[in-house]
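Visitor: Dropping a structure here in structure tokens format, bear with me for questions.
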Amino acid sequence: SGAASSFQLFLSLCVSFCLTETVMDTRTATAELGWISFPANGWEEVSGYDENLNTIRTYQVCNVFEPSQNNWLLTTYIDRRAAQRIYVEIRFTVRDCASIPSVLGSCKETFNLYYLETDRTVSDGIKGVEYWANAPFLKVDTIAADESFSQVDFGGRLMKVNTEVRSFGPLSKGRGFHLAFQDLGACMSLLAVRVFYKKCPSIVQNFAFFPETLTGAESTSLVIARGSCIPNAEEVDVPIKLYCNGDGEWMVPIGSCSCKAGYEPDNGNVCRACPQGTFKSFQGPGLCQQCPPNSRSTIEAATLCGCRNGYYRGDMDKPEDLCVPSAPRNVVSVVNQTSVMLEWHPPRDTGHRDDLSYNLLCRRCHSNERRACQPCDDSVVFVPGKQALKETRVEISKLRAHTSYTFDIQAVNGVSNKSPYPAQQLSINITTNQAAPSVVPIMHQVSSTSRSFSLSWPPPEQPNGIILDYEIRYYDKSSVLNSSMVLSETPNVVLEGLRPGTGYVVQVRARTVAGYGAYSKEMLFQTLTDELGQQLSLIAGSLVGGVCIVSLVAIAIICTSLSEGHSSPGVKIYIDPFTYEDPNEAVREFAKEIDPSCVKIEEVIGSGEFGEVYKGRLKPVGKKEIPVAIKTLKVGYSERQRRDFLSEASIMGQFDQPNIIRLEGVVTKSRPTMIITEFMENGALDSFLRQNDGQFPVIQLVGMLRGIASGMRYLAEMSYVHRDLAARNILVNSNLVCKVSDFGLSRYLEEDTSDPTYTSSLGGKIPVRWTAPEAIAYRKFTSASDVWSYGIVTWEVMSYGERPYWDMSNQDVINAIEQDFRLPAPMDCPVVLHQLMLDCWQKDRNARPKFPDIVSMLDKMIRNPASLKAGTNNMVPGPSHHPLLDRGAPDLSRVSSVEDWLAALKMTQYRDSFLGSGFTSLPLITQITAEDLQRIGVSLAGHQKKILTSVQLMRHQADDQSPTESQTFIRRGTNRTKRQTKKVLKDETHEQAC
433 SGAASSFQLF
443 LSLCVSFCLT
453 ETVMDTRTAT
463 AELGWISFPA
473 NGWEEVSGYD
483 ENLNTIRTYQ
493 VCNVFEPSQN
503 NWLLTTYIDR
513 RAAQRIYVEI
523 RFTVRDCASI
533 PSVLGSCKET
543 FNLYYLETDR
553 TVSDGIKGVE
563 YWANAPFLKV
573 DTIAADESFS
583 QVDFGGRLMK
593 VNTEVRSFGP
603 LSKGRGFHLA
613 FQDLGACMSL
623 LAVRVFYKKC
633 PSIVQNFAFF
643 PETLTGAEST
653 SLVIARGSCI
663 PNAEEVDVPI
673 KLYCNGDGEW
683 MVPIGSCSCK
693 AGYEPDNGNV
703 CRACPQGTFK
713 SFQGPGLCQQ
723 CPPNSRSTIE
733 AATLCGCRNG
743 YYRGDMDKPE
753 DLCVPSAPRN
763 VVSVVNQTSV
773 MLEWHPPRDT
783 GHRDDLSYNL
793 LCRRCHSNER
803 RACQPCDDSV
813 VFVPGKQALK
823 ETRVEISKLR
833 AHTSYTFDIQ
843 AVNGVSNKSP
853 YPAQQLSINI
863 TTNQAAPSVV
873 PIMHQVSSTS
883 RSFSLSWPPP
893 EQPNGIILDY
903 EIRYYDKSSV
913 LNSSMVLSET
923 PNVVLEGLRP
933 GTGYVVQVRA
943 RTVAGYGAYS
953 KEMLFQTLTD
963 ELGQQLSLIA
973 GSLVGGVCIV
983 SLVAIAIICT
993 SLSEGHSSPG
1003 VKIYIDPFTY
1013 EDPNEAVREF
1023 AKEIDPSCVK
1033 IEEVIGSGEF
1043 GEVYKGRLKP
1053 VGKKEIPVAI
1063 KTLKVGYSER
1073 QRRDFLSEAS
1083 IMGQFDQPNI
1093 IRLEGVVTKS
1103 RPTMIITEFM
1113 ENGALDSFLR
1123 QNDGQFPVIQ
1133 LVGMLRGIAS
1143 GMRYLAEMSY
1153 VHRDLAARNI
1163 LVNSNLVCKV
1173 SDFGLSRYLE
1183 EDTSDPTYTS
1193 SLGGKIPVRW
1203 TAPEAIAYRK
1213 FTSASDVWSY
1223 GIVTWEVMSY
1233 GERPYWDMSN
1243 QDVINAIEQD
1253 FRLPAPMDCP
1263 VVLHQLMLDC
1273 WQKDRNARPK
1283 FPDIVSMLDK
1293 MIRNPASLKA
1303 GTNNMVPGPS
1313 HHPLLDRGAP
1323 DLSRVSSVED
1333 WLAALKMTQY
1343 RDSFLGSGFT
1353 SLPLITQITA
1363 EDLQRIGVSL
1373 AGHQKKILTS
1383 VQLMRHQADD
1393 QSPTESQTFI
1403 RRGTNRTKRQ
1413 TKKVLKDETH
1423 EQAC
């Protein structure tokens, strides 16, 4: 029975995956085939028997005793039925030449197969020698027998039948074709010829219907078939498609459908409506459920069971929740940094019981959708508790900073787990504020001498943001009142200048943009005595001599390296994977190979240039499971695509820095090929900022910019140039840590792309809005051009993800930059940050700040929050000149009237127009727009630009003075001109073109 069932399964698989369509089969012929043969004494049609004694029509030829044979046999016309590749199955016998006595040397045991594409039948009236010599036949193959026979048995049957299958294509020149067989001197019989093509059958897979699909023109072709959801199913992932391969097999399913709410799957091919009394509230593979107690559904395909009279379900409840008498009321929340106080009123209806209590459920959410929530961490503290509460008040602490939470307050009683009094709940959503980091748990002594000791410690369990630095406080245990403090940017420090043989009490605390956290508990560390220190010094001294010798050798090597153009000693230098003769060697060197069994793909979160991007989980052997992002290489890739795909892993694998996306490893030894990186919950920075417009304090944004700058400082130190630094290529995790990603622009510079972000320049692709002028014009990419891009990223962050240069074309952007136009400050942007942007946008790349300088500037801003007020000008040390001043513009800070201002601009012809239109003072002039200029008669685009540029300069000069009321008003009006400025630039570009 087992063998029988296996055979039935095999037959069903063949029906599903091995479909062929026969267009000619001589085995079914009951009359003469009527094929054309030449010459007349060549191929001969005769009736015969196959090996099973079935009557068949065959063609035979056996002119082996005559030299120079060239016998042709042409089939009737065969309609290919739109197939692009045809298969021919030939059953034949061939006699062994050695078994034929007195045969000439021309005896063959092979024959040739040809085909001729045509739209009509070839007639047999014109088949002379000349036609057959010049006929446009295309050869398929020379066919030889695996076995030949040497005699005929007593029953007259030919033995040792051969079966050969050949294919040819692509066919495109006609609706059909003829087959031709050429004999050059064999003794053989064509027992049967079957002509067919392959196709993938119609199929329902993943609740999507795919129609019958012909295979491609080549045996390796993949033909895409688009699918459509079956009735009562909806798309889950799009596009929905399968690939039909050359063997007529379906493969590589992409996308899927699933039964919509109110319907359940039945055998994987049908979505059946939920019967009365049941419901299904969601789209997906689940089955219909019985209505909860005290609810009912009176229709088929119900997505919700309505509560019976007298029972209720809360607005925030799920459809599968029970209907209950009543819920808690009037919940009030008070948020204090990462703590929240909840209070509520008892339910109106307690179910006629006096044993009411409350349970709290806590969920941490990534968005406002309940499906994006997950249970809170075990570290969250509930006081007095979260189960069986008798009071209508609870305090919740140790939440994450800047995180959304949903709290469900359940009213329960002694029979809440039974009908008819189930639990009822009320939900409230809150978002925590910024908070200082938690306490550093412990410190470790790494080493000690008589005058110093080295300490290290782990980061706080709850950093609540980016750790900017650590403050270490220490004092001699015998002198509590005389303490000292040092700062460290890393979780380790060396305390020097200490007294020998003395105990010191040490504490440490971490700082974020929200301030310092609490000090760690006091820990005592001891310096060594002088005697022990001297012994260690002697040991160290004996080592110094050896170190000096080694150092001299190292210096010689370093000097040699420097003379050859290498970087400074001790600095890890980036190695371009494309310099490897075998790019796979770079992958093996810089990326860890991961066992695919450790990778679990969960859901599609996007698509990249080479394939789909998934969210998943990585569970290395013996380690904790972690969420990861998985980039996959699509099927049918070329070797060059695989090389370019893996090159990003070869690049990422060389980096190890908190603000650079971390490579977990690659999967290259099985399919699909994968690149696995850490998972960043909040996605790309530009879209994240747009979704949270105006939600962060300025100092939080500066902290994010500081992380980006830190990552770019690390890349610059490794001599790596990113070339595509933009907010879309910065990823944000759940703690709002920003990390630089997407190290693949090099391929854009060589290959075509349809992305309008990248524009052709000198044969390559460049993101114009983010790229420095020298890189656009001369493809001169350096860390200085990355600094220009960082300035654009800063503008994106402060404008909450607005598109740089708005809707101006790329060419207009290039022209505007060449004319020294720079982006204005975004709304509420501090002057000190806009000045940093302007410094990054210096036309002379040598005048731009370096990334270490930028990190230092941002640190000073964070330490001096007063400098980040929108209307202040507390400048951080660095380049302070405005680019407009570089062009020799007049010093407008000294003009005192509209007449003086127009005279400085050499535009006194507009004096009466300005005064007559009401622009009688300089504060009013600073509010002027392009529309105002048109209205008062300034119609030339060049004059408009000159006036608006001077207004921008007046605002800048006003910012350098004391903030009077009028100047404060000027600053607030800066952003009102950005659209008008953009319009003037576009109009002037058009005027110049004309």
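Here the sequence shown is numbered in my numbering, starting from 433 and rising by one per residue. Glycine is no exception: its CB is placed at the ideal position from the N, C-alpha and C atoms. The structure displayed is predicted, hence computed values, not measured ones.
(1) If residue 896 sits next to residue 770, beta carbons under 8 Å apart, how far is it from one beta carbon to the other, in whole angstroms?
(2) Considering Cα atoms alone, identify which of 1145, 542, 887 and 1083 is closest to residue 615.
(3) Does the beta-carbon of residue 595 have 16 or more other beta-carbons within 10 angstroms, so that it is buried, or is it exposed?
(4) For residue 735 and residue 696, I'd like the C-alpha separation in whole angstroms.
(5) Grouping DSSP H, G and I as helix and E and B as strand, with all else coil, what is residue 794?
(6) In angstroms with no decimal places, state the Cα-to-Cα distance between residue 731 and residue 843.
(7) Alpha carbon to alpha carbon, what distance is there between residue 704 and residue 548?
(8) Helix, strand or coil: how does DSSP classify residue 1220 here?
(9) For residue 646, which residues of its own chain have a beta-carbon under 6 Å away from its beta-carbon, when the five flanking residues on both sides are left out?
(10) Are residue 546 and residue 612 touching if we call contact CB-CB under 7 Å?
(11) Looking at the strands, I want to know which residues DSSP matches up with residue 613.
(12) Could you pull out every residue in the same chain whose Cβ sits closer than 8 Å to the Cβ of residue 805, ignoring the five residues on either side in sequence?
(13) Which class does residue 682 belong to by DSSP, given the choice of helix, strand or coil?
(14) Starting from residue 401, follow its DSSP beta bridges and name the residues at the other end.
(15) Between the Cα of residue 935 and those of 1083, 885 and 776, spot the shortest distance and give me the residue it belongs to.
(16) Which term fits residue 1091, buried or exposed, when burial requires 16 or more other beta carbons within 10 angstroms of its beta carbon?
(17) Check whether the segment 1144 to 1160 and the segment 815 to 825 touch, using three or more Cβ-Cβ pairs below 8 Å as the test.
(18) What is the DSSP secondary structure of residue 949, counted as helix, strand or coil?
(19) Using beta-carbon positions only, say whether residue 845 and residue 788 come within less than 7 Å of one another.
(20) What is the rounded straight-line gap between the Cα of residue 1115 and the Cα of residue 1368?
(21) Which residue marks the beginning of the beta strand (DSSP E) containing residue 901, and which one marks its end?
(22) Locate the alpha helix (DSSP H) running through residue 1114, then write down its first and last residues.
(23) Going by DSSP in three states, residue 675 sits in which element: helix, strand or coil?
(24) Just to confirm my understanding: we take residue 603, look at its own chain, exclude 5 residues before and 5 after, and list those with CB closer than 8 Å. What are they?
(25) Would the beta-carbon of residue 1164 fall within 7 Å of that of residue 1111?
(26) Would you check if the segment 954 to 961 and the segment 873 to 892 touch, i.e. whether three or more CB-CB distances between them fall below 8 Å?
(27) What is the rounded straight-line gap between the Cα of residue 753 and the Cα of residue 706?
(28) Thinking C-alpha only, which one of 561, 574 and 565 is nearest residue 522?
(29) What are the start and end residues of the beta strand (DSSP E) that includes residue 1175?
(30) Could you compute how far the alpha carbon of residue 476 sits from the alpha carbon of residue 1068?
(31) What would DSSP say about residue 1130, mapped onto helix, strand or coil?
(32) Considering only residues of the same chain and omitting the five flanking positions on each side of residue 540, which have a CB-CB separation below 7 Å?
(33) Between which two residues does the alpha helix (DSSP H) harbouring residue 1288 extend?
(34) Whole angstroms are fine: how far does the CA of residue 1342 sit from the CA of residue 1352?
(35) Using a Cβ-Cβ cutoff of less than 6 Å, which residues in the same chain neighbour residue 1072 once the five nearest sequence positions on both sides are dropped?
(36) Return yes when the Cβ of residue 508 is within less than 7 Å of the Cβ of residue 628, no when it is not.
Guide: With the structure as the only source:
(1) 7 Å
(2) 542
(3) exposed
(4) 11 Å
(5) strand
(6) 31 Å
(7) 52 Å
(8) helix
(9) 515 and 631
(10) yes
(11) 505 and 545
(12) 795, 796, 797, 798 and 838
(13) strand
(14) Since the first residue of the chain shown is 433 and the last is 1426, residue 401 is not available in this structure.
(15) 885
(16) buried
(17) no
(18) coil
(19) yes
(20) 48 Å
(21) 901 to 908
(22) Element bounds for residue 1114: n/a, residue is neither H nor E.
(23) strand
(24) 512, 515, 516, 517, 518, 549, 609 and 649
(25) no
(26) yes
(27) 18 Å
(28) 574
(29) Looking at the DSSP string, residue 1175 is not in any beta strand (DSSP E), and its letter there is neither H nor E.
(30) 47 Å
(31) helix
(32) 616, 617 and 618
(33) 1283 to 1295
(34) 12 Å
(35) none
(36) no
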